[in-house]
Amino acid sequence: MGINRTYISQTINEKFNKNYSSFINEYRIKEAQKLLLKDTNLTYEGIGFEVGFKSKSAFNSAFKTYTGVTPSIFVKNA
Numbered sequence: 001m002g003i004n005r006t007y008i009s010q011t012i013n014e015k016f017n018k019n020y021s022s023f024i025n026e027y028r029i030k031e032a033q034k035l036l037l038k039d040t041n042l043t044y045e046g047i048g049f050e051v052g053f054k055s056k057s058a059f060n061s062a063f064k065t066y067t068g069v070t071p072s073i074f075v076k077n078a
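The sequence shown runs 1 to 78 under full-length UniProt numbering.
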């Protein structure tokens with residue numbers, strides 16, 4: 001692609017006032033929320049993997065950080 005990783009990180013920081021990891025995780029959680037609201041055969045763990053998390057605990061932790069609730073409570077409240 002030819003774009004420097006540092007340049008991308010700096011641009012995200014300047015434009016969104018977030019570091020690269022926070023920006024990516026927030027995007028992943030938004031995508032996970034969409035999948036959780038769809039009628040899919042994926043488990044919560046499967047959705048976490050689908051959006052790029054490497055473990056169930058990493059997904060649950062990030063989800064709770066960005067939404068204030070666990071994936072299961074998010075679905076119950078939807």
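The C-beta atom is built at its ideal place from N, Cα and C for all residues, glycine as well.
Own chain, CB closer than 8 Å to Y20, minus 5 neighbours either side, in chain order: Beyond the five residues adjoining it in sequence on each side, Y20 comes within less than 8 Å, by CB distance, of I8, S9, I12, N13 in the same chain, given in chain order.
Residue closest to L35, alpha-carbon to alpha-carbon, out of N25, I24, E26, G48: G48
How many angstroms separate the CA atom of F63 from the CA atom of T40? 18 Å
Starting from S9, trace the alpha helix (DSSP H) both ways and give me its first and last residue. 5 to 16
Complete runs of the alpha helix (DSSP H) confined to the segment 25 to 55 [at least 4 residues]: 44 to 50
Buried or exposed: N25, going by 16 or more other Cβ atoms within 10 Å of its Cβ? buried
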